[in-house]
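Comments concern the structure below.
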Amino acid sequence: MRIFVQTYGCQMNKLDSALVTAALKEAGFEIVDNEKEADAVLINTCSVREHAEQRVLSHLGNLKHIKESKPELVVGVIGCMAQRMGGELLKHPAVDIVCGPGQITQIVELVKNAVETKLKTLAVSENIRKSPADEKCLDDFESQYDSDEEQPPGQAYVRVMRGCNNFCSYCIVPYVRGPEVSREPKVIIEQIKRLADDGVKQITLLGQTVNSYEYKEGGKTYSLADILEMANAVSGIEWIKFVTNYPAEKYFEQICEAMRDLPKVCRYLHIPAQSGSDKILAAMNRKYTAEQYLELLEKARAIVPGIAVAGDFIVGFPGETDEDFRQTVELAKKARYRNCFVFKYSPRPGTAGERKLKDDVPAEVKRQRNIELLAVQEKISNELSKEFLEKIVTVLVEGHSKKPHLDGGNLQLVGRTDTDWIVVFEGVENLAGEFVKVKIARSSPLTLFGSLAAD
Ligand code: SF4
């Protein structure tokens, strides 16, 4: 039986898809990279933005047509949208399986059952606060299957915590992924060691708010800084990244010091501000002011020379005036991010924002603010990228670039630096998963271009 897994959304979803793929492979299923060849299609979904859900619904619409001529095709929806919509999604004529993020451990059984019985199955959490037994089950699943599936060669994600306690008013994550639960340090490090034994060189530690990692054991409290130190000691691992950070004081200095002192920890900090207006930050239920946020960036830059900082913003949040937006632009200018993502607000069903706040910023205003903020960021990214000209950077190669033979010339490869800059350069086929030195010849706001540097 051939299975195609399509992933929408963030790194958490990519990791879940990697685990699901590994479990299905071990159970004897063949994983294919073309939906047309598949006997079963699993869609791992994202609920963070309306647009992400619409893409899934449109995909399901296509699958409905395919099923008319191929009725034996099994379609499963997993991930956040499955948890959010549950039985409603199961009513879709294309859908056979609805499986929440807390139930991915059951995926093999769910697919087998759908094939054999042709019955529709719903597997979602009734209570998003999982029992210790369920947490253990997820942990075992996570430890059993290596998370380097679907990742560029030599790279893997390692989840250090699940869920989120913050309840930002626009965000669905705490409702679909449950409260924060940090994984045991020993289990995390064992997983990293296994990945290193398999040839993984870069791990990315994942958590919705990875810097709030906290695990108490034997009178000691472990923070993310401790996990970084333990991971740094694993032989074979060369680079360690971690995403995503919530702007909070707790453990921030220790984590920055770990970044400064541990040679394998990359100098890259993704720390979304979301807005530069204190009024909007309060409405978003973010627990900091713009000034406090900028103080954190200042602290990070003072502790870690050469650190690259990335952020996210939401524009057009309910009540956002021109003056609020101007404060966001000011914050972006002061923050001088390496890059940042800008999203237009859309209310998510089930969140406090959707229940209590009127989506009162017109679509055209959101669009204009999006364009303006991106232009501000592009200018900053462009200036920062120029600092690399004529410099030699170390790159972990991911594979072919999107245009592998640009202008009919030599093969173009792509990789990233420790500060997460994308680098495109001429190379040879077999460099994916290797570290190389690249001399930068030109730059754009998001990408550095160069050629292999002589040793
Ligand atoms: S910190 Fe806020 S935005 Fe991030 S996952 Fe938690 S609730 Fe969502």
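Quick note: the sequence shown uses our numbering, first residue 1, plus one each step.
For glycine and all other residues, C-beta sits at the position ideal for the given N, C-alpha and C.
The model shown is predicted, which means the values in this text are computed figures rather than measured ones.
Continuous beta strand (DSSP E) stretch holding residue i: start and end
i	result
R416	Q412 to R416
I97	I97 to C99
K358	Premise fails: K358 is in no beta strand (DSSP E) and is neither H nor E.
N44	A40 to T45
E126	Segment: none, E126 is in no beta strand (DSSP E) and carries neither H nor E.
L269	Y268 to H270
Cross-strand partners of residue i (DSSP beta bridge)
i	result
S443	L448
W421	Partner(s): none; W421 has no beta bridge.
M161	S182
S223	E214
Q6	I43
Q106	For Q106, which the question treats as bridged, DSSP gives no partner whatsoever.
Cβ-Cβ distance between residue i and residue j below 9 Å
i	j	result
D39	E72	yes
E398	L411	no
C340	F317	no
E214	Y251	yes
D146	L195	yes
E149	A363	no
V176	I128	yes
I392	I422	no
V124	G86	yes
Y157	L228	no
G319	A283	yes
I255	A225	yes
P272	T289	no
I380	Y337	yes
Q327	D278	yes
G350	Y170	no
V160	R183	yes
L396	E429	no
Y222	P185	yes
P305	S385	no
Outcome for residue i when other beta-carbon atoms lying within 10 angstroms are tallied against a minimum of 16
i	result
L373	buried
V77	buried
S58	exposed
F242	buried
D198	exposed
S47	buried
E119	Before going on, a small fix: residue 119 reads as Leu here, not Glu. By the 10 Å Cβ count, L119 comes out exposed.
G61	exposed
H270	buried
Q83	buried
T21	buried
F388	buried
V5	buried
Q151	buried
N165	exposed
D322	exposed
D96	buried
E53	buried
T142	The amino acid occupying residue 142 in the given sequence is Glu; Thr does not appear at that position. So E142 counts as buried.
K201	buried
Collapsed DSSP secondary structure at residue i in the structure displayed
i	result
I203	strand
I172	coil
F388	coil
N34	coil
D312	strand
V428	coil
E398	strand
Q155	strand
N113	helix
L228	helix
F242	strand
Q208	coil
N339	strand
G353	helix
K299	helix
K279	helix
K437	strand
K120	coil
Continuous alpha helix (DSSP H) stretch holding residue i: start and end
i	result
N13	Q11 to E26
A196	P185 to D197
S69	E50 to S69
C80	C80 to M85
I459	A query on residue 459 cannot be resolved here, the shown segment of the chain reaching from 1 to 455 and no further.
I307	That residue, I307, is in no alpha helix (DSSP H); it is neither H nor E in DSSP.
V329	D322 to A335
Q144	P132 to Q144
R260	F252 to D261
A248	No alpha helix (DSSP H) holds A248; DSSP gives it neither H nor E.
Any non-hydrogen atom of ligand 2 closer than 8 Å to residue i Cβ
i	result
C168	This structure lacks ligand 2; its bound ligands are ligand 1.
Residue i at chain B interface by Cβ criterion, 9 Å
i	result
R2	Chain labels in this structure do not include chain B; a single protein chain is all it has.
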